[in-house]
Amino acid sequence: MTSQILLQAMPFAELPQADARTTSIMIGIIIGFFLVLILGGSIAGKKGSSGGGGYLKSGLKTTGAVKSANTWANRRKFKKMAKNIGLSSVQIKVLEELADKHKIGSPVTFFNSPKVFNITMKKAIQEYDSGAYSPEVRENYKMLLFNAKQKLDKSAATDKKITTSRQLSAGKSITITTGTGEKYSSHIVTNLKDYMCAVVPTRYDGTMLKLSKWENVKVSIIEKGDKGFFYDSKIAGYTTVKGTSCVMLQHSNTINTSKQRNFPRKELGKSCYFFKINVVTLTEGKEVVKKAIIDDNAKGRLGSVLEISAGGCSIKSPNYLNKGELIRVDIDIEKKQSVSALGKIVNTRRAGLGAAIMHVQFTRTSKKNMNSINSYIYGIGERTSILDY
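Take the position in the sequence shown, starting the count at 1, then add 29; the result is the number in the working numbering.
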């Protein structure tokens, strides 16, 4: 464009006649001027390209239109991805604001890099915990982020595929299910070419589980993202590995995938008190209604919470209740912090002499208590948490 303006300003047809020397000087000046323009444009282009943005290849400074177009396209892509996994419009807005505040660049990064989202979420929750917000605003915000985290995790569940039991590594926890449906916890000690060696499980009465050779069993494993795998196996025998009594499990090349858990869980190992909820039928006028009655004056039963998640917990106790019963559980989740939740016992299985493990599904709790549970699971208050990896 500059060269066109220059040519229009110097109509060669109207130049006065000059001798050859004058003409040569004028032509040299013009050529030199063009060389300066070309060289200047080249230098500006290099500066723009090395500066990491702000300049096009021509050397002209951008007006921000290109950057705005890219940002708009990324936002549109993010919103589409977010809606596909079930994020609400409020959650989408919150994540966009987080990306802007922490200079993420584009919220699409939250899908491509779980670590970036984890660290950003941890910072955001810690800021709200220490900020001057009302309790209602604080708990609502934290609930939004935890819920978004769970949806992102479920969407980005590991694509790792197990095609053979030979891929399983030592130390991994497994569950062995017998032909009668009894389930026993164990872990892999070593994995050999012909069979896998796992710790011999303990029966309910405290004795070691000894099944017949070639008896059919089912082995199940939970991987990262709470994605489960299971396969059919047989008892190949018993042996001792590094001083540990082990059961030898036959390998399988047919691995099945189980339904992914909705919520991640974490070991707790803390005491709790639980109360049975009685459902009574009452007559109110002409209507007959059922009400859940909790006797707060009744002495709570003592138990120990083995694992906990946002969806429920497992409680070991000698004073256990049966499947289908309703309870209220008070859990000392962390030091000087207790949470309460109402729940239903979905399964009860014996575990040693006179004790049983109750699997409780939470049916109702406050936002504050649920946020406390999630904060524990994700290690929000810890210096190093599972969100940092």
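Ideal placement from N, C-alpha and C gives every residue a C-beta, glycine not left out.
In terms of alpha-carbon separation, which member of Tyr-213, Gln-279, Asp-361, Leu-173 lies closest to Gly-235? Reading the sequence shown from its first residue, position 206 is the one you call residue 235. Nearest option by C-alpha distance: Tyr-213.
For Ala-111, which residues in the same chain have their Cβ closer than 6 Å to its Cβ, ignoring the five residues on either side in sequence? Counting from 1 along the sequence shown, the entry for residue 111 is found at position 82. Contacts found: Ile-121.
Using 10 angstroms around the beta-carbon of Val-368, count the other beta-carbons present and answer buried if the total reaches 16, otherwise exposed. By one-based count along the sequence shown, residue 368 stands at place 339. In the assembly as shown, Val-368 is a buried residue. Its beta-carbon has 16 or more other beta-carbons within 10 Å.
My parser needs the beta strand (DSSP E) runs of 3 or more residues fully inside the stretch 323-377; what are they? Runs of the beta strand (DSSP E) inside the stretch 323-377: 330-338, 341-346, 355-363.
Under three-state DSSP, which class holds Ala-227? For the purposes of this step, residue 227 is identified with residue 198 of the sequence shown, where counting begins at 1. Secondary structure at Ala-227: strand, using DSSP grouped into helix, strand and coil.
What's the C-alpha gap between Tyr-349 and Thr-138? Counted from its first residue, the sequence shown places residue 349 at position 320. Counted from its first residue, the sequence shown places residue 138 at position 109. Looking at the backbone, the Cα of Tyr-349 and that of Thr-138 are separated by about 47 Å.
Restricting to Cα atoms, I'd like to know which of Ser-346, Asn-376, Ser-135, Ile-360 is closest to Ile-337. Here residue 337 is taken as the residue at index 308 of the sequence shown, counted from 1. Per the Cα distances, Ile-360.
At what residues does the beta strand (DSSP E) containing Phe-259 begin and finish? Numbered from 1 along the sequence shown, position 230 holds the residue referred to as residue 259. From DSSP, the beta strand (DSSP E) with Phe-259 extends over 257-270.
Across the stretch 137-151 and the stretch 390-400, are there enough close Cβ pairs to call them in contact, namely three or more that are closer than 8 Å? Put simply, the stretch 137-151 does not touch the stretch 390-400. Fewer than three CB pairs are less than 8 Å apart.
Check Ile-133 in the structure and name its three-state DSSP category. For the purposes of this step, residue 133 is taken as the residue at position 104 of the sequence shown. Three-state result, Ile-133: coil.
Answer with buried or exposed for Arg-105, where buried requires no fewer than 16 other C-beta atoms within 10 angstroms of its C-beta. Here residue 105 refers to the residue found at position 76 when the sequence shown is read from its first residue. Exposed, since its Cβ has fewer than 16 Cβ neighbours within 10 Å.
Which residues in the same chain have their Cβ closer than 7 Å to the Cβ of Asn-307, if we skip the five residues on either side of it in sequence? What you label residue 307 is simply residue 278 of the sequence shown in a count that begins at 1. Counting only Cβ-Cβ distances below 7 Å, and skipping sequence neighbours, we find Ile-322.
In chain order, which beta strand (DSSP E) runs of at least 3 residues are fully inside the stretch 178-207? Counting only runs of 3 or more, we get 202-206.
Among residues of its own chain, excluding the 5 on either side of Gly-93, which ones have a beta-carbon nearer than 6 Å to its beta-carbon? Walking along the sequence shown from the start, residue 93 turns up at place 64. Residue confidence is low: Gly-93 scores 48 on pLDDT, short of 50, so the model does not pin down where it sits. No coordinate-derived value is stated.
Span of the alpha helix (DSSP H) around Ser-159: Locating residue 159 in the sequence shown gives position 130, counting from the first residue. First-last of the alpha helix (DSSP H) with Ser-159: 143-159.
With distance defined between alpha-carbon atoms, name the residue in Lys-320, Thr-204, Asn-220, Met-225 nearest to Leu-10. The question about residue 10 has no answer here: the residues shown for the chain are numbered 30 through 418.
So, under 8 Å CB-CB, Ile-406 and Pro-293 are touching, yes? Tell me the CB distance rounded to an integer number of Å. Here residue 406 refers to the residue found at position 377 of the sequence shown. Here residue 293 refers to the residue found at position 264 of the sequence shown. With 8 Å as the limit, Ile-406 and Pro-293 qualify as a contact, their Cβ atoms being about 6 Å apart.
Helix, strand or coil, according to DSSP, for Arg-393 in the structure here? In the sequence shown, residue 393 corresponds to position 364, counting from 1. In this structure, Arg-393 counts as strand in the three-state DSSP scheme.
Quick one: give me the first and last residue of the beta strand (DSSP E) that Glu-211 is part of. As a working mapping, residue 211 is identified with position 182 in the sequence shown. It is not in any beta strand (DSSP E) - Glu-211 carries neither H nor E in the DSSP assignment.
Who are the Cβ neighbours of Asn-285 in its own chain at under 8 Å, not counting the five residues just before and after it? Start at 1 with the first residue of the sequence shown, and residue 285 comes out as number 256. For Asn-285, where only same-chain residues beyond five positions count, the Cβ hits under 8 Å are Phe-258, Phe-259, Tyr-260.
Can you give the Cα-Cα distance for Gly-272 and Asp-223, rounded to whole angstroms? Translated into positions along the sequence shown, residue 272 becomes position 243. Translated into positions along the sequence shown, residue 223 becomes position 194. Between Gly-272 and Asp-223, the C-alpha separation is close to 20 Å.
Return the CA-CA distance between Ile-251 and Ile-205, expressed in angstroms with no decimal places. Position 222 of the sequence shown, counted from the start, is the residue given in the question as residue 251. Position 176 of the sequence shown, counted from the start, is the residue given in the question as residue 205. In a straight line, the C-alpha of Ile-251 is about 12 Å away from that of Ile-205.
The beta strand (DSSP E) spanning Glu-313 covers which residue range? The residue you call residue 313 lines up with position 284 of the sequence shown. Note, Glu-313: beta strand (DSSP E), 294-313.
Enclosing beta strand (DSSP E) for Ile-251 [first to last residue]: Numbered from 1 along the sequence shown, position 222 holds the residue referred to as residue 251. Here the beta strand (DSSP E) through Ile-251 covers 245-251.
Nearest-angstrom Cβ-Cβ length linking His-216 and Lys-201, presumed shorter than 8 Å: The count along the sequence shown starts at 1 and reaches residue 216 at position 187. The count along the sequence shown starts at 1 and reaches residue 201 at position 172. Sure, about 6 Å apart at Cβ, within 8 Å.
Supposed contact pair Ser-300 and Ser-333 - C-beta distance, whole angstroms, cut 8 Å: Locating residue 333 in the sequence shown gives position 304, where the first residue counts as 1. Locating residue 300 in the sequence shown gives position 271, where the first residue counts as 1. About 6 Å separates the two Cβ atoms, so the contact holds.
Would Val-270 and Val-218 qualify as a contact pair, given that the criterion is a beta-carbon distance under 7 Å? The count along the sequence shown starts at 1 and reaches residue 270 at position 241. The count along the sequence shown starts at 1 and reaches residue 218 at position 189. Closer than 7 Å, so yes.
In terms of alpha-carbon separation, which member of Ala-384, Thr-207, Asn-400 lies closest to Arg-330? Here residue 330 is taken as the residue at index 301 of the sequence shown, counted from 1. With respect to the C-alpha of Arg-330, the residue from Ala-384, Thr-207, Asn-400 having the closest C-alpha is Ala-384.
Can you find the residues in the same chain that come closer than 6 Å, C-beta to C-beta, to Leu-36, ignoring five residues on each side of it along the sequence? The residue given as residue 36 occupies position 7 in the sequence shown. Its pLDDT being 33, under 50, Leu-36 is placed unreliably by the model, and the measurement read from it follows with that caveat. Nothing listed; no residue qualifies.
Whole-angstrom Cβ separation of Ser-194 and Ser-281, contact assumed at under 8 Å? Position 165 of the sequence shown, counted from the start, is the residue given in the question as residue 194. Position 252 of the sequence shown, counted from the start, is the residue given in the question as residue 281. Ser-281 and Ser-194 do touch by the CB rule: their CB atoms are close to 5 Å apart, below 8 Å.
Can you tell me where the beta strand (DSSP E) holding Met-237 begins and where it ends? Counting from one through the sequence shown, the residue named residue 237 turns up at place 208. Per DSSP, Met-237 belongs to no beta strand (DSSP E) and is neither H nor E.
Starting from Asn-285 and walking both ways along the beta strand (DSSP E), at which residues does that stretch end? Against the sequence shown, residue 285 aligns to sequence position 256. Counting along the chain, Asn-285 sits inside the beta strand (DSSP E) bounded by residues 285-287.
Length of the line joining the Cα atoms of Ile-356 and Gly-210: Translated into the one-based positions of the sequence shown, residue 356 becomes position 327. Translated into the one-based positions of the sequence shown, residue 210 becomes position 181. Rounded to the nearest whole angstrom, the CA to CA distance from Ile-356 to Gly-210 is 26 Å.
Whole-angstrom distance between Lys-171 and Asn-400, CA atom to CA atom: By 1-based counting over the sequence shown, the position of residue 400 is 371. By 1-based counting over the sequence shown, the position of residue 171 is 142. A straight line joining the alpha-carbon of Asn-400 with that of Lys-171 spans about 7 Å.
Assuming Leu-173 and Val-119 are in contact, meaning their beta carbons sit under 8 Å apart, how far apart are those beta carbons, in whole angstroms? Counting from 1 along the sequence shown, the entry for residue 173 is found at position 144. Counting from 1 along the sequence shown, the entry for residue 119 is found at position 90. Between Val-119 and Leu-173 the Cβ distance is about 6 Å, and since that is below 8 Å, they are a contact.
Using DSSP's beta-bridge definition, name the partner residues of Leu-278. For the purposes of this step, residue 278 is taken as the residue at position 249 of the sequence shown. Beta-bridge pairing links Leu-278 to Met-225, Ile-264.
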